Amino acid sequence: MQSIFEQSRRGGRTAVRAALSGEDLSDLPVRFLRKSSAGLPEVTELQAVKHYTRLSRRNLSSDTGLNSLASCTFNYHPGAALALASLPEFLVRHPEAPEGHSQGFMACVYDLQELIKAVTGMPGASLAPAAGAQCEFAGIAMIKAYHDARNDADRTEILIPETAQAAAAVPAEMCGYSVRKLPVGSEGSVDVAILENFLGSRTAGLMLTNPSTVAVFACNTEAIAGLVHEAGGLLNCTGDNLSAIAGKNRPDDMGIDVITLDLHKCFCAPRGGGGPGAGAVAVSERLLPYLPAPMVDREGDAYTWLDEQRRPESVGRFSAFAGNAGILLRAYIAALMLGRKGMRRAAEYSTMNASYLRRQLLKSGFDAAYPERGVAHEVILNLRCPTGEGVATRDYAKRLLDYGVHVPTTLLPPQATECLLLEPTGAESKEMLDSFVAAMRAIRDEAETDPDTVRGAPYTMPVGRLDEGALVDADLTWKPTNG
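Using this note's numbering, read the sequence shown as starting at 1 and increasing by one per residue.
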């Protein structure tokens with residue numbers, strides 16, 4: 001498929017009627033004018049429309065088919081949430097508008113803070129972080145602020161289970177902590193007997209994901225929290241997989257001190273494509289003073305911003321303004337549409353779909369990691385010994401594209417080599433899950449009879465196998481050709 005630049009022909013253009021914009025640009029200062037051509041493709045309007053329409057029809061997403069990319073939770077994003085969040089009254093609001101002109105938006109943010117407090121059981125929440133990564137940094141920053149306030153500078157270590165994603169260590173290191181990898185038990189969860197040997201006077205905290213990246217719900221979280229607190233540390237939970245337990249288990253009841261949330265998880269905000277993101281962080285009583293600014297408070301019938309001046313112990317701002325306003329609105333509306341019962345039911349469907357998918361794959365002759373236990377919301381499909389000579393896990397993943405299925409997560413978690421990590425979410429139908437199982441069976445048959453077909457996939461995408469080695473020395477610029 002040709003790029004838009006390859007379709008360019010000298011003289012191809014679309015008539016632009018400047019009068020429609022109502023702006024006279026003739027008085028622009030000369031210093032702001034380009035000295036050379038912008039190098040844009042020369043195509044007609046119809047060419048451009050056809051090109052981008054064709055591209056859009058090649059997208060594989062939750063709107064077109066199964067997107068089981070884990071551990072990301074590609075929930076369905078209700079169109080009504082986008083429509084309401086796009087009301088003119090929201091769109092025209094400037095982030096620096098005075099409080100008196102922002103009461104409607106601030107009321108939504110305040111209600112979303114309260115909703116997150118109810119879901120997590122935590123006494124405090126902030127929506128200031130602009131994404132999940134900022135949330136995780138905020139969580140560790142608050143733990144550091146807590147220990148600093150107690151003059152406990154000897155606590156220099158953060159424990160991270162070996163099943164955690166590799167990025168989990170980054171916020172700890174950014175806050176000046178050293179990271180110790182915590183071995184897990186045979187079923188992929190934290191073993192309290194092992195944990196006891198790692199805790200000590202240098203422990204600042206433990207980062208826990210529950211349910212974990214290997215789809216294990218840690219039933220012993222209260223015991224884990226007790227040991228961490230006894231050692232003087234705090235328990236940080238990354239709520240990446242909250243969609244599996246929302247409405248059923250509250251982090252505060254488990255003894256967790258801080259939980260970080262990506263709002264695209266159980267709150268149905270958009271996910272993927274590089275953003276925009278939105279995050280939330282909820283904390284226990286001991287960390288309330290350190291929540292990121294700004295937050296929204298209610299004083300009588302009016303809403304007001306709680307900034308750094310009003311909350312001097314806060315770890316501060318993580319962006320210039322109050323998080324990503326549009327995504328916060330979509331998350332708030334989607335959460336209201338679900339309601340308390342709906343959120344609980346969505347968590348149950350998430351677990352049910354994952355359990356059904358694993359059972360059907362096992363019945364079809366595939367192997368699952370940790371087969372002796374149930375699953376929470378994800379399935380780890382073990383392809384360590386794939387059928388067909390030279391057919392690897394990534395070949396299965398690429399071939400799925402030709403069956404209209406988005407590539408699942410491959411080779412994660414690292415403990416389960418040659419695996420696919422699948423998260424069907426609670427929104428998918430039984431028919432969609434059955435079609436995925438049928439595709440996997442068909443690919444396995446191809447691997448046995450015609451492995452070259454699988455190794456050469458995909459065939460229906462505009463781009464086939466990317467040069468992954470080129471990522472090390474990526475060329476991210478485009479240069480126009482002559483002619």
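By construction, the Cβ of each residue, glycine as well, lies at the ideal position given by its N, Cα and C atoms. Treat the numbers as computed from the prediction; the structure is a model and nothing was measured.
ILE259 vs THR120 beta-carbon contact at 7 Å
Counting from 1 along the sequence shown, the entry for residue 259 is found at position 259. Counting from 1 along the sequence shown, the entry for residue 120 is found at position 120. Yes, they are a contact pair.
What do you get for LEU287, buried or exposed, if any count of 16 or more other CB atoms within 10 angstroms of its CB means buried?
Your numbering for residue 287 matches position 287 in the sequence shown. Taking all protein chains shown into account, LEU287 has 16 or more neighbouring C-beta atoms within 10 Å of its C-beta and is therefore buried.
Enumerate in chain order the residues of its own chain whose CB-to-CB distance from ASP191 is below 6 Å, with the five nearest sequence positions on each side excluded.
Counted from its first residue, the sequence shown places residue 191 at position 191. The residues are GLY185.
Counted within 10 angstroms of its Cβ, other Cβ atoms place TYR52 as buried (16 or more) or exposed:
Indexing the sequence shown from 1 puts residue 52 at position 52. It is exposed - the Cβ of TYR52 has fewer than 16 other Cβ atoms within 10 Å.
Could you name each continuous alpha helix (DSSP H) segment of 4 residues or more that falls completely within the region 354–419, going from the start of the chain to the end?
Within the region 354–419, the alpha helix (DSSP H) runs of at least 4 residues that lie entirely inside it are, in chain order, 393–401.
Which runs of the alpha helix (DSSP H) at least 4 residues long sit entirely within the region 205–278? Give them in chain order.
DSSP assignment within the region 205–278 yields the following whole alpha helix (DSSP H) runs of 4 residues or more, N-terminal first: 221–230.
Per DSSP, what kind of secondary structure is ASP297 in: helix, strand or coil?
If you number the sequence shown from 1, residue 297 lands on position 297. Here ASP297 sits in strand by DSSP.
Whether TYR110 touches ARG298 by CB criterion (7 Å):
Reading the sequence shown from its first residue, position 110 is the one you call residue 110. Reading the sequence shown from its first residue, position 298 is the one you call residue 298. Taking C-beta atoms as the reference points, TYR110 and ARG298 count as a pair closer than 7 Å.
Determine, using beta-carbon pairs with one atom in the region 124–134 and one in the region 323–338, whether at least three such pairs fall under 8 Å.
Taking 8 Å as the limit for Cβ pairs, the verdict is that the region 323–338 does touch the region 124–134.
Coil, strand or helix - PRO183 by DSSP:
Within the sequence shown, numbered from 1, the residue matching residue 183 stands at position 183. PRO183: coil per DSSP, three-state reduction.
Alpha carbon of THR410 to alpha carbon of LEU421, nearest angstrom:
Taking the sequence shown and counting its residues from 1, one reaches residue 410 at position 410. Taking the sequence shown and counting its residues from 1, one reaches residue 421 at position 421. Their Cα atoms are separated by approximately 6 Å.
Could you tell me the distance, in whole angstroms, from the CA atom of ARG9 to the CA atom of LYS50?
Position 9 of the sequence shown, counted from the start, is the residue given in the question as residue 9. Position 50 of the sequence shown, counted from the start, is the residue given in the question as residue 50. Whole-angstrom Cα-Cα distance: 16 Å.
Do you know offhand how far LEU206's Cα is from GLU418's?
In the sequence shown, the residue the question calls residue 206 occupies position 206. In the sequence shown, the residue the question calls residue 418 occupies position 418. Cα to Cα, LEU206 sits roughly 28 Å from GLU418.
Are the region 240–258 and the region 341–358 touching, with three or more C-beta to C-beta distances below 8 Å?
The answer is yes - the region 341–358 touches the region 240–258, with three or more Cβ pairs under 8 Å.
What separation, rounded to the nearest whole angstrom, lies between the Cα atoms of HIS229 and PHE90?
The residue labelled residue 229 in the question sits at position 229 within the sequence shown. The residue labelled residue 90 in the question sits at position 90 within the sequence shown. Spanning the two alpha carbons is a distance of roughly 43 Å.
With 16 other CB atoms within 10 Å as the buried threshold, where does CYS266 fall?
Locating residue 266 in the sequence shown gives position 266, where the first residue counts as 1. CYS266 should be labelled buried.
Just to check my reading of the structure: LEU66 and MET432 have Cβ atoms closer than 8 Å, yes? What is that Cβ distance to the nearest angstrom?
Position 66 of the sequence shown holds residue 66. Position 432 of the sequence shown holds residue 432. Taking the Cβ atoms as the reference, LEU66 lies roughly 5 Å from MET432, within the contact range of under 8 Å.
Same chain only: Cβ atoms within 8 Å of ILE443, ignoring 5 sequence neighbours per side:
As a first step, residue 443 is located in the sequence shown; it is residue number 443 there, counting from the start. Taken in chain order, the residues that qualify are TYR396, ARG399, LEU400, TYR403 and VAL454.
Which residues in the same chain as VAL179 place their Cβ atom closer than 6 Å to its Cβ, once the five residues preceding and following it in sequence are excluded?
Translated into the one-based positions of the sequence shown, residue 179 becomes position 179. Closer than 6 Å at Cβ, skipping near neighbours: ILE158, ILE160, ALA169 and ALA172.
If I measure Cβ to Cβ from ASP473 and keep anything under 6 Å in the same chain, skipping five residues before and after, which residues do I get?
Indexing the sequence shown from 1 puts residue 473 at position 473. Exclusion of the five residues before and after ASP473 leaves no residue of its chain whose Cβ lies closer than 6 Å to its Cβ.
Could you tell me which of THR14, SER3 and SER62 sits nearest to LEU55, measuring between CA atoms?
Within the sequence shown, the letter at position 55 stands for residue 55. Closest option to LEU55, Cα to Cα, is SER3.
C-alpha distance - GLN47 paired with ARG58, whole-angstrom precision
In the sequence shown, counting from the first residue as 1, residue 47 sits at position 47. In the sequence shown, counting from the first residue as 1, residue 58 sits at position 58. C-alpha separation (whole angstroms): 17 Å.
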